[in-house]
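Chemist: Residue numbers (full-length UniProt numbering), protein chains in the order written: chain A, 1 to 439; chain B, 1 to 178.
This structure is in structure tokens; I'll ask about it shortly.
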Amino acid sequence: MEKVLSRNFHHAQPLDLATYRAGGGYDSLQSIFGRDREEMVNELRASGLRGCGGAGFSTGLKWSFLAKDAPRPVYLVINLDESEPGSCKDRQVLYRDPHTIVEGVLASAYIIGADKAFVFVRGEYKVGAAKLEKAVQEARDAGLLGDNILGSGFSLDIDVHLSAGRYICGEETALLNALEGYRANPRSKPPFPAVKGLWGQPTIVNNMETVCHVPSIMHKGAQWFQGQGQNGGSGTHLFQVSGPVKNPGVFELPMGVTARELIYDHAGGLLDGRKLIAFQPGGSSTPFMTPDQLDTPMHFDAVAKIGSRLGTGGVIIMDDTICPLKYTRNLIEFYARESCGFCTPCRDGLPYLVHLFDKFELGTATAADHQTILELCGLIGPNTHCALAPGAVMPVQSALQLFDDEFKKHIAAKGCSYSPVAATASQAAAGAGVQGGHH
Amino acid sequence: MSLTEHEIEHLREHIEHYPEKRAGAIYCLYYVQDKYGYIPRASLDEVSELTDLSPTQLDELITFYTLLRRRPVGRRLIRICDSISCYTRGSEQVLAAAKEASGVEFGQISKDGAVTVLPSICLGLCDRAPAGLVDDSEDLGELTPEKIRDLICSYAAETLDSKSGGGQQILAVLKDQQ
Chain A
1 MEKVLSRNFH HAQPLDLATY RAGGGYDSLQ SIFGRDREEM VNELRASGLR
51 GCGGAGFSTG LKWSFLAKDA PRPVYLVINL DESEPGSCKD RQVLYRDPHT
101 IVEGVLASAY IIGADKAFVF VRGEYKVGAA KLEKAVQEAR DAGLLGDNIL
151 GSGFSLDIDV HLSAGRYICG EETALLNALE GYRANPRSKP PFPAVKGLWG
201 QPTIVNNMET VCHVPSIMHK GAQWFQGQGQ NGGSGTHLFQ VSGPVKNPGV
251 FELPMGVTAR ELIYDHAGGL LDGRKLIAFQ PGGSSTPFMT PDQLDTPMHF
301 DAVAKIGSRL GTGGVIIMDD TICPLKYTRN LIEFYARESC GFCTPCRDGL
351 PYLVHLFDKF ELGTATAADH QTILELCGLI GPNTHCALAP GAVMPVQSAL
401 QLFDDEFKKH IAAKGCSYSP VAATASQAAA GAGVQGGHH
Chain B
1 MSLTEHEIEH LREHIEHYPE KRAGAIYCLY YVQDKYGYIP RASLDEVSEL
51 TDLSPTQLDE LITFYTLLRR RPVGRRLIRI CDSISCYTRG SEQVLAAAKE
101 ASGVEFGQIS KDGAVTVLPS ICLGLCDRAP AGLVDDSEDL GELTPEKIRD
151 LICSYAAETL DSKSGGGQQI LAVLKDQQ
């Protein structure tokens, strides 16, 4: 496996343009400029690249939705609003190798024929946004951005937009509203952004990691990309493991690496004396997987097949020292707080779920409350505008199935028998941050 | 309290590169907040004029977006993540220690004006849990209750040392408002 996204992470500082180019940076443009756009979109479809922001939709297919005679301007918007708990991959690229992002945006913008690109960075990544802005300026000064780039006839500028908080901004249509200076309420779809997006213009919204894969696919080919994956996955992915493991971190590994290899070989396994109870494979909105599913290849289809979602590939560990109900309550509380408030089932239903979970902790819950949680999930999930509410109830429904006996135990014992979560700070690894695939 | 002509020109230029003025609102609000530590009423009027949004419409944005604020905070703003990855590594205890060390509730300014502590959503520092962020720019990782207590103590000392009056200035602004 060749590292793509983390290939420059061994440098102490983000590379300046000259050093980045000396290492082959921006070489991909030679394979892209002048080539037929439709052919490139087809190659992307063939490569098997899928959206890395969580949904896992075929990138080539998404791009093919853009009409050939789409009214100008066409926008490319990069989603760098990474806020899903357990996800910390995009941050690494932003802080450690911003030119990889500029190259990815430039390559992608050329292929879809975008007139302008926006990179939407969450406010908490302010320092990273400044690094990206610096890289963009270097690229402008070198003629890699601006009018008639490298004599190709193609012109593009990249606007780095610093957002001001709220998880919901990561929902693509909410993000467009945020960029336009509105509250980040998701829009009703259709029309989809490819038809009517930013300021009503055709817009492609992609996760940052997704576009960063595009240059190497165009440079080395779809087959090469497929070969980077294993067990049916294509390419590499920045996997993350967090929670009570010895070596939490971000790891660029073949798409399709097994959960076992990821958690035990790369993240060092659980802390001494802890036992794995369950894990979320791709961020806090994904249904739990259990120890008997550790050999599942971590790629979109394999994880979907067993009833969960690969999401962002941010694995979160639940061990035997934490109450599964408290764990789940923490997840719901996050979504309750981050609901944009537009749809009633989400705005009112999620806080009510938190309230019901509190009853289990306080020892006042009854079997009827258990039943209400189950019913409430069914009412909230499918009755909202966007994917926040379904994402919030999925792990709850999964917890109801997996930890049925825990709910009952809490009712019978009139409360929780688990200790509060102990503070166990991660070990600061030398050169903390992204670790390579194979040491 | 008002923006200089030069500053207004800078903001106007920024707004111009969007097709609609309101798209520049977040940038302008950030600009004011970076200058004063929060967004005062008088600045709302100035940003209103620049963006063609009423002060109420601007308030709609400020109350929605968590990183914008209408009230001052301590000299150091400490956000501590309470989302799941940090929670499984004891963020609850870190938050409790931080609250105790600050001597006030979350979101309030400590008596010496040194700190404001806020629980935060996931900061993308899951690999360094429990994690935090100071002044939206300095990462805190591998936190423990002791570590956060020491940090808050050091901020209190820094406030005392500050020749500019440090936290006292912030407290004076607050008093003015009440």
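We put the CB at the ideal spot given by N, CA and C, even for glycine.
Bear in mind that the values here come from a model prediction, so they are computed numbers and not experimental data.
Look up Glu39/A in the DSSP assignment and say whether it is helix, strand or coil.
Modeler: It is helical.
Chemist: What separation, rounded to the nearest whole angstrom, lies between the Cα atoms of Asp295/A and Leu44/A?
Modeler: Cα to Cα, Asp295/A sits roughly 29 Å from Leu44/A.
Chemist: Helix, strand or coil for Gln240/A? Go by DSSP, reduced to three states.
Modeler: If DSSP states are grouped into helix, strand and coil, Gln240/A belongs with the strands.
Chemist: How long is the line joining the alpha carbons of Glu142/B and Asp301/A, rounded to whole angstroms?
Modeler: Cα to Cα, the separation comes out at about 34 Å.
Chemist: For a quick check, are the C-beta atoms of Ser108/A and Leu76/A less than 8 Å apart?
Modeler: Result yes, Cβ atoms of Ser108/A and Leu76/A sit closer than 8 Å.
Chemist: Got a sec? Which residues, its chain only, sit under 7 Å from Leu374/A by beta carbon, not counting five neighbours each side?
Modeler: Within the same chain, Leu374/A has close Cβ partners Leu400.
Chemist: Whole angstroms is fine: what's the gap from Tyr352/A's alpha carbon to Tyr20/A's?
Modeler: Cα to Cα, Tyr352/A sits roughly 51 Å from Tyr20/A.
Chemist: Would you please verify whether the beta carbon of Pro72/B is less than 8 Å from any beta carbon of chain A?
Modeler: Chain A, which has no Cβ nearer than 8 Å to the Cβ of Pro72/B, makes this no.
Chemist: Please name the residue, chosen from Gly233/A, Asn148/A, Pro215/A and Pro85/A, that lies closest to Gly56/A on a Cα-to-Cα basis.
Modeler: Among Gly233/A, Asn148/A, Pro215/A and Pro85/A, the Cα nearest to that of Gly56/A is on Gly233/A.
Chemist: Touching or not, the segment 89 to 99 of chain B and the segment 275 to 283 of chain A, by the rule of three or more beta carbon pairs under 8 Å?
Modeler: With a cut-off of 8 Å, the segment 275 to 283 of chain A and the segment 89 to 99 of chain B do not count as touching, because too few Cβ pairs lie within range.
Chemist: Got a sec: is the Cβ-Cβ distance from Gly307/A to anything in chain B below 8 Å?
Modeler: Cβ-Cβ to chain B under 8 Å: no for Gly307/A.
Chemist: Between Ser83/A and Phe33/A, what straight-line distance do the alpha-carbon atoms span, to the nearest angstrom?
Modeler: Approximately 34 Å between the Cα atoms of the pair.
Chemist: Please report the distance separating the alpha-carbon of Asp82/B from that of Cys122/B.
Modeler: The straight-line gap from Cα to Cα measures roughly 7 Å.
Chemist: So that I know if they touch, is there some Cβ in chain A lying closer than 8 Å to that of residue 242/B?
Modeler: Residue 242/B is absent from the structure shown; chain B starts at 1 and stops at 178.
Chemist: How about residue 191/B and Leu29/B: do their beta carbons lie closer than 8 Å?
Modeler: What is shown of chain B runs 1 to 178, which leaves residue 191/B out entirely.
Chemist: Let me know the secondary structure DSSP gives Arg76/B once reduced to three states.
Modeler: Of the three classes helix, strand and coil, the one that applies to Arg76/B here is strand, per DSSP.
Chemist: When the distance is taken between beta carbons, is Ile78/B closer than 8 Å to Val47/B?
Modeler: Contact: no.
Chemist: Tell me the rounded alpha-carbon separation between Ala131/B and Ile152/B.
Modeler: Approximately 15 Å, taken between the alpha carbons.
Chemist: What residues from chain B crowd round Thr424/A, counting only those whose CB sits closer than 7 Å?
Modeler: Those are Arg89 and Gly90, listed as they occur along chain B.
Chemist: For Gly381/A, which three-state DSSP category applies?
Modeler: Helix.
Chemist: Name the chain B residues whose beta carbon is nearer than 7 Å to that of Cys88/A?
Modeler: Result: Gly124, Leu125, Cys126 and Asp127.
Chemist: Could you check which residue in Met1/A, Phe357/A, Ala70/A and Arg50/A has the C-alpha nearest to that of Gly200/A?
Modeler: The candidate whose alpha carbon is nearest that of Gly200/A is Ala70/A.
Chemist: Going by the CB atoms, is the gap between Gly48/A and Gly235/A shorter than 8 Å?
Modeler: Result yes, Cβ atoms of Gly235/A and Gly48/A sit closer than 8 Å.
Chemist: With distances taken between CB atoms, is the gap from Leu132/A to Val121/A smaller than 8 Å?
Modeler: Result yes, Cβ atoms of Leu132/A and Val121/A sit closer than 8 Å.
Chemist: Determine the chain B residues that contact Ser242/A at a beta-carbon separation under 7 Å, and present them in chain order.
Modeler: Those are Ser85, Cys126, Asp127 and Ala129, listed as they occur along chain B.
Chemist: Going by other Cβ atoms of all chains shown within 10 Å of its Cβ, with 16 needed for buried, is Gln92/A buried or exposed?
Modeler: So Gln92/A counts as buried.
Chemist: Skipping 5 residues on each side, what residues in its chain have a beta carbon closer than 7 Å to that of Ala139/A?
Modeler: Result list for Ala139/A: Leu17, Val102 and Leu145, in chain order.
Chemist: Please state whether DSSP places Cys81/B in a helix, a strand or coil.
Modeler: Correct three-state label for Cys81/B: strand.
Chemist: State the Cα-Cα distance for the pair Ile316/A and Leu175/A, rounded to the nearest angstrom.
Modeler: Spanning the two alpha carbons is a distance of roughly 26 Å.
Chemist: What do you reckon, are the CB atoms on Lys246/A and Gly269/A nearer than 8 Å?
Modeler: The answer is yes: Cβ separation under 8 Å.
Chemist: Beta-carbon separation of Ile84/B and Pro85/A under 8 Å?
Modeler: Yes, the Cβ-Cβ distance between Ile84/B and Pro85/A is below 8 Å.
Chemist: Thinking Gly51/A and Thr59/A are a contact (beta carbons under 8 Å), I'd like their distance in whole angstroms, please.
Modeler: Yes, they are in contact, since the Cβ atoms of Gly51/A and Thr59/A sit about 6 Å apart, within 8 Å.
Chemist: Using a Cβ cut-off of 8 Å, which residues of the segment 23 to 44 of chain B contact any Cβ in chain A, in chain order?
Modeler: So the list reads Ala23, Gly24, Ala25, Ile26, Tyr27, Leu29 and Tyr30, given in the order they occur along the chain.
Chemist: Of all the options Phe342/A, Val195/A and Leu388/A, which has the alpha carbon lying nearest to the alpha carbon of Ala67/A?
Modeler: For Ala67/A, the nearest C-alpha among the options comes from Val195/A.
Chemist: Is the beta carbon of Ala389/A less than 8 Å from the beta carbon of Cys346/A?
Modeler: Taking 8 Å as the Cβ cut-off, Ala389/A and Cys346/A qualify as a contacting pair.
Chemist: So Thr100/A packs on Leu5/A, CB below 8 Å; how close in whole Å?
Modeler: With a Cβ gap of about 7 Å, Thr100/A and Leu5/A count as contacting.
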